[in-house]
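In the numbering used here, the protein residues as written are 1 to 482. Positions of the beta carbon are idealized from the N, C-alpha and C atoms, including for glycine. Here's the structure we're looking at; comments come further down.
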């Protein structure tokens, strides 16, 4: 919305914050500030609208701290952040009535439930005589700008990203407002601590606190450091889980503490390198996932390749729990799952390995894995999470073939050759020689004894035999194809 589209009045404008918890490059906030009218920022905690996709435990922890940082930033600009809890349509209409606002603006989200929420907000606002508009987008490229020559959606990543790079680039990010005009009176909102987003008994968030600093300022610092220190080597380092070679921006992007436009242009303007191209492609996969979800709103639960709806998945509660807790007996898998549990994040190479283990070695539904990741990841993005799980399971767009089954021991030897990653997250294996580290069940009894390991006591035996499990998975796939 431009200034000319605003009602000609001095009434306050509500800015509805969602997954855009930042001041920089925030189109809705910038539009409201440009009018010179009073601005009231509002965040509505509307769990009922999100339903099954309300924030999981790790995301709730991040949301608490992100909102606290956003409130501090808005306060420096001269306005408070009003917190309301309940149906967004009702809370925004009620808040507008209380302060005499005649306009509410927001930045769009792409999740199906969020689109329904926006429609409810717009309908309720229209009934109350309010102007209600979505202003900004979380996408780099709108779907109608990235199509085949026939104008159809692109279902394979490489031509999709090639079309993105050939399209007009995303507009440049806009700076944060320097000052905002507060409402003459602002209603009392909720206290953030009353939402009980943080774990109390038990407080399992110590690893998250040690690893992350939610908020816009740390997002900007991470981007600057990555571009200066890691971008050039990113193409190789991104596959080595023991190396701190990735950007760490995914949770900041998920919560909108930094905009994809800001990241894209900062990386695009960097000197060309293999790392430069690879990092931009990772932003492209995030974009591809969002476009897939917008075209297939049930992608979170239904395979894009509908043949896989007939897949003969197993039920194995004990195997699923061993996977969740990092007790499968396969060190790289267990290291990844323990990193996830402690820090709310997992290295991308390891994400692929643990996902392959769940859906192929254990032959459990990919939706079980997606649900666990949703609860434990601080970057639990619905589009990326769903698309990536479907990719590994062989049922998504441009997916890895189902018959490509990762061998977790060989993956460990290839990408964690010196064992630094496994030894960090599975310290009970720390004294085992490199030769046996990724397959301790094959280690001679003397090597295990010298390392202080009794299999089945200090570290579990494998929950499945990989070779037999691979055959079982391929047999199930063969039945599916028939």
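Taking only the alpha-carbon atoms, compute the straight-line gap between residue i and residue j and give it to the nearest angstrom.
| i | j | result |
| --- | --- | --- |
| residue 177 | residue 20 | 15 Å |
| residue 31 | residue 207 | 38 Å |
| residue 335 | residue 93 | 48 Å |
| residue 203 | residue 57 | 11 Å |
| residue 142 | residue 153 | 11 Å |
| residue 14 | residue 129 | 14 Å |
| residue 242 | residue 408 | 16 Å |
| residue 123 | residue 117 | 10 Å |
| residue 213 | residue 340 | 17 Å |
| residue 446 | residue 468 | 27 Å |
| residue 54 | residue 349 | 27 Å |
| residue 84 | residue 104 | 15 Å |
| residue 23 | residue 193 | 22 Å |
| residue 473 | residue 305 | 17 Å |
| residue 9 | residue 80 | 22 Å |
| residue 495 | residue 86 | It is not possible to answer for residue 495, since the shown part of the chain is limited to 1 through 482. |
| residue 402 | residue 308 | 10 Å |
| residue 95 | residue 39 | 12 Å |
| residue 151 | residue 157 | 16 Å |
| residue 389 | residue 102 | 43 Å |
| residue 1 | residue 16 | The predicted model places residue 1 with a pLDDT of 41, which falls under 50 and marks its position as unreliable; any figure quoted below should be read in that light. Those two C-alpha atoms are separated by around 14 Å. |
| residue 296 | residue 436 | 44 Å |
| residue 393 | residue 292 | 16 Å |
| residue 416 | residue 195 | 41 Å |
| residue 187 | residue 82 | 8 Å |
Measuring alpha carbon to alpha carbon, tell me which of the options ends up nearest residue i.
| i | options | result |
| --- | --- | --- |
| residue 144 | 38, 438, 167 | 167 |
| residue 98 | 185, 74, 244, 134 | 185 |
| residue 190 | 42, 459, 356 | 42 |
| residue 458 | 328, 377, 474, 376 | 328 |
| residue 109 | 427, 50, 100 | 50 |
| residue 342 | 330, 426, 410 | 426 |
| residue 133 | 480, 430, 28, 11 | 28 |
| residue 463 | 326, 269, 312 | 326 |
| residue 253 | 270, 229, 290, 209 | 290 |
| residue 135 | 320, 25, 400 | 25 |
| residue 466 | 476, 360, 416 | 360 |
| residue 270 | 223, 75, 386 | 223 |
| residue 217 | 319, 249, 478 | 249 |
| residue 410 | 440, 382, 454 | 440 |
Ends of the beta strand (DSSP E) at residue i?
| i | result |
| --- | --- |
| residue 43 | 39 to 45 |
| residue 341 | Careful: residue 341 lies outside any beta strand (DSSP E), inside the alpha helix (DSSP H) at 331 to 343. |
| residue 79 | Run containing residue 79: none; DSSP gives neither H nor E here. |
So who's on the other strand from residue i, going by DSSP bridges?
| i | result |
| --- | --- |
| residue 195 | Note: residue 195 sits in no beta bridge, so no partner. |
| residue 133 | 105 |
| residue 153 | 147 |
| residue 463 | Residue 463 pairs with nothing; no bridge assigned. |
| residue 140 | Residue 140 pairs with nothing; no bridge assigned. |
| residue 16 | 42, 106 |
Can you find the residues in the same chain that come closer than 8 Å, C-beta to C-beta, to residue i, ignoring five residues on each side of it along the sequence?
| i | result |
| --- | --- |
| residue 267 | 227, 231, 276, 279, 280, 283 |
| residue 3 | Since pLDDT at residue 3 reaches only 43, below the 50 mark, its modelled position is unreliable, and the value read off the structure follows with that caveat. Within the same chain, residue 3 has close Cβ partners 31, 34, 35. |
| residue 140 | 164, 170, 260, 261, 264, 283, 287 |
| residue 37 | 6, 9, 10, 11, 12, 13, 181 |
| residue 314 | 362, 363, 364 |
For the alpha helix (DSSP H) containing residue i, list its first residue and its last residue.
| i | result |
| --- | --- |
| residue 85 | Taken as a continuous stretch (DSSP letters only), residue 85 belongs to no alpha helix (DSSP H), being part of the beta strand (DSSP E) at 82 to 85. |
| residue 455 | Element bounds for residue 455: n/a, residue is neither H nor E. |
| residue 410 | 408 to 415 |
| residue 373 | 366 to 376 |
| residue 95 | 88 to 99 |
| residue 390 | 382 to 393 |
| residue 249 | Premise fails: residue 249 is in no alpha helix (DSSP H) and is neither H nor E. |
| residue 282 | 274 to 295 |
| residue 439 | Per DSSP, residue 439 belongs to no alpha helix (DSSP H) and is neither H nor E. |
| residue 117 | 112 to 127 |
| residue 317 | 317 to 325 |
| residue 495 | Here the chain has residues from 1 to 482 only, and residue 495 is not among them. |
| residue 352 | 348 to 356 |
Take residue i and list the residues in its own chain whose beta-carbon comes closer than 6 Å to its own, dropping the five residues that flank it on each side.
| i | result |
| --- | --- |
| residue 358 | 323, 364, 369 |
| residue 120 | 89 |
| residue 234 | 275, 278, 279 |
| residue 205 | 61, 199 |
| residue 44 | 84, 88, 91 |
| residue 470 | 405 |
Spatial neighbours of residue i within its chain, please: CB distance less than 7 Å, with the 5 preceding and 5 following residues excluded, ordered by chain position.
| i | result |
| --- | --- |
| residue 179 | 77, 78 |
| residue 434 | 418, 419 |
| residue 183 | 12, 38, 40, 99 |
Just checking residue i against the ligand PLP - is the residue's beta carbon closer than 7 Å to any of the ligand's heavy atoms?
| i | result |
| --- | --- |
| residue 84 | As for the ligand PLP, it is missing from this structure, which has no ligand bound. |
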